[in-house]
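Single-structure report; data block below.
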Amino acid sequence: MTATTDVRIDLHAHSDRSDGTDPPGELVAKAARAGLDVVALTDHDTSIGWDEAAGVAGELGMGFVPGMEISCSDSGAAVHLLAYLPDPAYQPLAEELRTILDGRVRRLPATLDRLRELGIDITAEDVRRGSRPAEAMGRPHIADALIAKGVVANREEAFDRYLSIGRPAYVERYAADLTEMVRRVTESGGVPVLAHPWARHSRRILTRETIERLVDAGLAGLEVDHPDHDPGARAGLRDVVTELDLVMTGSGDYHGEGKQQFPLGGEVTAEAEFARLTARAASNAAASGRRTPVPMLP
Ligand code: AMP
Ligand code: FE
Ligand code: FE
Ligand code: ZN
Numbered sequence: 304m305t306a307t308t309d310v311r312i313d314l315h316a317h318s319d320r321s322d323g324t325d326p327p328g329e330l331v332a333k334a335a336r337a338g339l340d341v342v343a344l345t346d347h348d349t350s351i352g353w354d355e356a357a358g359v360a361g362e363l364g365m366g367f368v369p370g371m372e373i374s375c376s377d378s379g380a381a382v383h384l385l386a387y388l389p390d391p392a393y394q395p396l397a398e399e400l401r402t403i404l405d406g407r408v409r410r411l412p413a414t415l416d417r418l419r420e421l422g423i424d425i426t427a428e429d430v431r432r433g434s435r436p437a438e439a440m441g442r443p444h445i446a447d448a449l450i451a452k453g454v455v456a457n458r459e460e461a462f463d464r465y466l467s468i469g470r471p472a473y474v475e476r477y478a479a480d481l482t483e484m485v486r487r488v489t490e491s492g493g494v495p496v497l498a499h500p501w502a503r504h505s506r507r508i509l510t511r512e513t514i515e516r517l518v519d520a521g522l523a524g525l526e527v528d529h530p531d532h533d534p535g536a537r538a539g540l541r542d543v544v545t546e547l548d549l550v551m552t553g554s555g556d557y558h559g560e561g562k563q564q565f566p567l568g569g570e571v572t573a574e575a576e577f578a579r580l581t582a583r584a585a586s587n588a589a590a591s592g593r594r595t596p597v598p599m600l601p
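Take the sequence shown: its position 187, counted from the start at 1, is 490 in my numbering, and no numbers get skipped.
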C-alpha cells in the first residue's frame, strides 16, 4: 500500500490586519494545526501582516505565500482581486493601495451618521477599539461595534440589516479600476487572480468576455472553489479556465471568528495549479526586474 502524500494548499485567508480575527502568526499556526502545508495571507488592501506570518511559517516549516485581496471595481460593481507575491513597494501599486485604505477610513464617519439617523449611536472610538490591529478598516469592524452594543447578534445580521449595498447604512468607498490593477500587480512582479468571480451578483459583471479582456491585461487565474460558489458556478468557471488556459485555485477565505462557516482549509488548491502559479510569479518577477517576494515552500 502506498501512502498518499496530498499537499494541502489554501491560498486565501484574512488576519486581524484586515477583517479576520487572528493575528497573522496565529493564523499560520492554526493553518499548520488544520493540516495545511501551504497558506497564503491575503488581507484586504495591505501587506502589513506578511513579516509576522512569514516568521511563524519559517519556525514551523510551513509553506507561505504573501498576498493580498485588492478592492477593485468594474462597471461600477465591486470586484475583489487576489494578488500573489507582488512587490508592495512598487510605487503605482503602493499609491493605489494608500488611496483605497484612505477611502476606507473616510467612509467611517458617513456610515456612523447613517446609523445615528436610524437611532443607533456608535462612535468612531467604539469601532476603533474593536479594530485596533487592522490596517484595512471595514464594514466588518462596524458590524463588530454593533454586536458589542447588542444591536445585532453577528456580522451577518449587521450586513443584512444595515451594511450591505442597498441597506440603510451602506456608504460607497473608493476602489481601484480592475483592469488597471491587474496591470499594476503584474508590473510589480505579482500574479493577479480573480477572487470568487461568480459569487452573488458578480457573475453578471465578470462574464467570459470580460475575463478574456482581463487576461490580455495580465490576469493569470480564477478562484474556482470558494464557499460562495455553488456547483453551477464552479462548473462554469472550470470551462472558462480550460478555454483560456488559466490557473485554477481553491481557497477557504478564512476570516477567523468573523465568518464561522468559512474554516481554514475549507477549500484547497491542487498542487499542479500551485506550481503553475509560482512559475507565473517567477516569470512576472523576472519581467518586472524588481525584487519581489518568493513563496516559502514547505
Ligand atoms: P468592506 O471591505 O468594508 O467593503 O467590507 C466587505 C467585507 O465584509 C468583505 O470582505 C467580507 O469579508 C465582509 N462581508 C461582506 N458581506 C458579509 C456578510 N453578509 N456577512 C459577513 N461579512 C460580510
Ligand atoms: Fe473580508
Ligand atoms: Fe472577497
Ligand atoms: Zn477574502
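Glycine included, each C-beta is placed from N, C-alpha and C at the ideal position.
Spatial distance of residue i from residue j (CA atoms)
i	j	result
T305	L396	In this predicted model, T305 has a pLDDT of only 48, less than 50, meaning its place in the structure is not dependable enough to derive any value.
A392	G422	43 Å
G569	P530	8 Å
A588	Y473	39 Å
V368	L344	7 Å
D325	A461	21 Å
G492	G370	12 Å
A578	R435	36 Å
E459	R410	20 Å
P534	W501	11 Å
N457	G328	25 Å
D322	E372	11 Å
E490	G453	46 Å
A585	S467	38 Å
V331	A356	6 Å
R464	G592	48 Å
R311	E574	8 Å
G366	L600	4 Å
L388	G553	17 Å
M440	G524	27 Å
V382	G364	34 Å
E362	D354	13 Å
Enclosing beta strand (DSSP E) for residue i [first to last residue]
i	result
S376	366-377
A381	380-387
M553	The sequence shown places Gly at residue 553, not Met. Unbroken beta strand (DSSP E) run through G553: 550-553.
L421	Per DSSP, L421 belongs to no beta strand (DSSP E) and is neither H nor E.
Chain D contact for residue i (CB, 7 Å cutoff)
i	result
A437	No chain D appears in the structure shown, which is made up of a single protein chain.
Close beta carbons around residue i, own chain, < 7 Å, minus the five adjacent residues each side
i	result
G406	R476, Y477
T581	P598
A590	none
L471	Note that residue 471 is Pro in the sequence shown, not Leu. Hits under 7 Å: R417, L421, Y465.
Close Cβ partners of residue i (< 6 Å) along its chain, the five nearest in sequence each way excluded
i	result
E438	R320, T349, I351
H499	E526, H529, D531
A380	I508
D377	L481, I508
H347	S321, E372, A439
Own chain, CB closer than 8 Å to residue i, minus 5 neighbours either side, in chain order
i	result
G433	H444, D447, A448, A451
L522	V485, P495, V496, L497, I514, L549
Residue interval of the alpha helix (DSSP H) (run including residue i)
i	result
V430	427-434
H444	442-451
L481	481-490
E515	511-520
Next on the checklist: Closer than 8 Å is the cut-off here; do at least three beta carbon pairs connect the stretch 328-342 with the stretch 561-576?
Outcome noted: A contact exists between the stretch 328-342 and the stretch 561-576.
Checklist entry - Taking three-plus beta-carbon pairs below 8 Å as touching, is the stretch 399-416 in contact with the stretch 315-323? => result Because the criterion of three Cβ pairs below 8 Å is not met, the stretch 399-416 and the stretch 315-323 do not touch.
Checklist entry - Using 8 Å as the threshold, is the stretch 410-419 in touch with the stretch 427-435, meaning 3 or more CB pairs across them? => result In short, these stretches touch, since the Cβ pair count reaches three.
Checklist entry - Looking at C-beta atoms only, is the number of pairs between the stretch 536-553 and the stretch 496-512 that lie closer than 8 Å three or more? => result As far as the Cβ criterion goes, the stretch 536-553 touches the stretch 496-512, which means the pair count is three or higher.
Checklist entry - Taking a cut-off of 5 Å, which residues have a beta-carbon closer than that to any heavy atom of ligand 4, in chain order? => result Output, sorted by chain position: E372, D556.
Next on the checklist: Residues around ligand 3, please: the ones whose beta-carbon is closer than 5 Å to some heavy atom of it, in chain order.
Outcome noted: That gives H383, A498.
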